[in-house]
Amino acid sequence: MPAPLRRRPRRVGAVVLAALLLGACSSGEDGASEGDDPAAAATGDRVVVTADDLGPFAEVDPDDVAGPGTPLGGGLSVPDGALLQGAAFPDLVGGGFRALLLVTGDPVDVYDAIAGQASGLGMQGPGGCLGAETLVGCQATFVDEADGESLAVTVTRRIDPFTGVVSGVGMLYRPPGSEDGGGEAGTANAPTTPLAEVVLPDPVPVPAPEDVALAVRSPGSPMRKVEVGSELVGLPGPCACVGGGWSIVVRLEGVERDVLHGYARQFSDLGEVPDLEDRHRDDLTLVGVRVGEGDATAEIRAFLPDDAPAYAIISVRPA
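Mapping of the sequence shown onto the working numbering: position 235 corresponds to residue 232, and the numbering continues sequentially without gaps.
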């Protein structure tokens, strides 16, 4: 394979970049077809994290995150400089997954590492990183034109004295054969030129549970809270979908379905709240629900193993 071309990213203002990273997205959940099941990876070996590995994220419980090298599914793994929040959340049907990572290292290095993994699996696509004084963002959708396998990636680090810190990766993987995974891949995955460092505060403040998404939700949108019976795992981050929005991961400690119903009811302003949908796979249960249609939706996916902590990811697309 020829050496990839290097591309120097443009530097843009924080307002423009924030708009890029908060644009509407499409999850494509329904189109996934059967493929390699990431549930096996999600319940497999997790690289243990210690308090020393968390750096300035002192409030994060090391037991709720997994370190670099932890398998995600589809041949992908957690890159250096990042930690998996909770678990990789398999689709209810098919071999796709979504995941939210906490970025402890350089966000551009993390993006380049993920792009390298995608390239090694045959997925290509244009993408890159932009930077401003207090904001770095990277975005791409990598596609294997031969079989439709795809990986959407959004990386954001933003420091705001009023809303808080964002330092995460949203990932949405679709396996070969996915109906929504095709399209033109475009250019090879070129590594991104390093940008000026956006330094994290030490310690990184945690968001208030009564407005947990303040740092990532659109201005003027409703507050979203941490439901009783659950705990925020790391930080809210970019949407584990395509193009924009936000995600959080929570550990479920109460009656799991009651807590999930509580999260679903929070988004009743987006539409009628349907019943939870279950899928059973070996020693775990997957639960999911989508509230809303069209541009504004909230999707909840829960990972309920028989003999391990239970987690849920909430992914929100703005109107």
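Just so it is clear, CB atoms sit at the ideal spot from N, CA and C, and this is done for glycine as well.
It should be emphasised that the depicted structure is a prediction, and the values quoted were computed from it without experimental measurement.
- Query: Pick from 151, 280, 44: whose alpha carbon is nearest that of residue 104?
  - Reply: Closest option to residue 104, Cα to Cα, is 151.
- Message: Can you tell me whether residue 96 is buried or exposed? The criterion is at least 16 other CB atoms within 10 Å of its CB, across all chains shown.
- Response: Buried, since its Cβ has 16 or more Cβ neighbours within 10 Å.
- Task: Just tell me which of 196, 253, 58, 111 has its CA closest to the CA of residue 275.
- Result: Measuring from the Cα of residue 275, the nearest candidate turns out to be 253.
- For residue 321, which residues does DSSP report across the bridge? Nothing can be reported for residue 321, as the shown portion of the chain is limited to -2 through 316.
- What three-state label does DSSP hand residue 107 in the structure shown? Helix, per DSSP.
- Could you tell me which of 155, 172, 296, 238 sits nearest to residue 319, measuring between CA atoms? A query on residue 319 cannot be resolved here, the shown segment of the chain reaching from -2 to 316 and no further.
- Item | Those residues which DSSP pairs with residue 220 across a bridge | For residue 220, which the question treats as bridged, DSSP gives no partner whatsoever.
- Query: What three-state label does DSSP hand residue 29 in the structure shown?
  - Reply: Low confidence applies here, because residue 29 scores a pLDDT of 36, under 50, leaving its location unreliable and the question unanswered by this model.
- Task: Establish whether the CB of residue 142 and some CB of chain D are separated by less than 8 Å.
- Result: Here there is only one protein chain, and chain D is not present.
- Using only alpha-carbon positions, find the residue among 261, 189, 155 that is nearest to residue 234. Residue 234 has its Cα closest to that of 155, out of 261, 189, 155.
- Item | Candidates 237, 188, 94, of which the one nearest residue 108 by Cα | When C-alpha distances from residue 108 are compared across 237, 188, 94, the shortest belongs to 188.
- Inter-residue Cα distance where the pair is residue 69 and residue 75: Spanning the two alpha carbons is a distance of roughly 7 Å.
- Paired residues, beta bridge with residue 192 - DSSP: Per DSSP, residue 192 has no beta bridge partner at all.
- Task: Check whether the Cβ atoms of residue 79 and residue 166 sit closer than 8 Å, and answer yes or no.
- Result: The answer is yes: Cβ separation under 8 Å.
- What number of angstroms, rounded off, separates the C-alpha of residue 106 from the C-alpha of residue 226? Each residue's alpha carbon lies about 36 Å from the other.
- Task: Pick out whichever of 288, 263, 135 has its Cα sitting closest to the Cα of residue 269.
- Result: Selection 288, 263, 135 evaluated against residue 269 yields 288 as nearest (Cα-Cα).
- Item | Straight-line Cα distance separating residue 185 from residue 250 | Distance between the alpha carbons of residue 250 and residue 185: 44 Å.
- Straight-line Cα distance separating residue 290 from residue 88: Approximately 19 Å, taken between the alpha carbons.
- Task: Indicate the three-state DSSP secondary structure (helix, strand or coil) for residue 273 in the structure shown.
- Result: Of the three classes helix, strand and coil, the one that applies to residue 273 here is coil, per DSSP.
- Exposed or buried, which one is residue 296 when buried takes at least 16 other CB atoms within 10 Å? By the 16-neighbour rule on beta-carbons within 10 angstroms, residue 296 is buried.
- Task: Check whether the Cβ atoms of residue 64 and residue 42 lie closer than 8 Å to each other.
- Result: Not a contact, by the Cβ cut-off of 8 Å.
- Excluding the five sequence neighbours on either side, which residues of its own chain have a C-beta within less than 7 Å of the C-beta of residue 31, listed in chain order? Because residue 31 sits at a pLDDT of 37, beneath the cut-off of 50, its placement in the model cannot be relied upon, and the point is left open.
- Task: Name, in chain order, the residues that DSSP records as bridge partners for residue 97.
- Result: Residue pairing by DSSP puts residue 97 in a beta bridge opposite 167.
- Task: Take residue 149 as the anchor and find which of 73, 210, 201 has the nearest alpha-carbon.
- Result: Restricting attention to 73, 210, 201, the CA atom closest to the CA of residue 149 is found in 73.
- What are the partner residues of residue 227, as DSSP defines its beta bridges? DSSP, once it has assigned bridges, lists 249 as partnering residue 227.
- Would you kindly work out how many angstroms separate the C-alpha atoms of residue 163 and residue 202, rounded to a whole number? For the pair residue 163 and residue 202, the Cα-to-Cα distance works out to about 10 Å.
- Query: By the 10 Å Cβ neighbour count, where 16 or more other Cβ atoms means buried, how is residue 304 classified, buried or exposed?
  - Reply: Result: exposed.
- Message: So, with DSSP's three-state summary, where would you put residue 157?
- Response: Here residue 157 sits in strand by DSSP.
- Query: Among 81, 128, 282, 286, which residue has its Cα nearest to the Cα of residue 193?
  - Reply: Ranked by Cα distance from residue 193, the first of 81, 128, 282, 286 is 128.
- Item | Collapsed DSSP secondary structure at residue 146 in the structure displayed | If DSSP states are grouped into helix, strand and coil, residue 146 belongs with coil.
- Contact set for residue 210: own chain, Cβ-Cβ below 7 Å, skip 5 residues either direction: So the qualifying residues of the chain are 221, 233, 243, 245.
- Inter-residue spacing [alpha-carbon to alpha-carbon] between residue 208 and residue 215: Taking the straight line from one Cα to the other gives about 12 Å.
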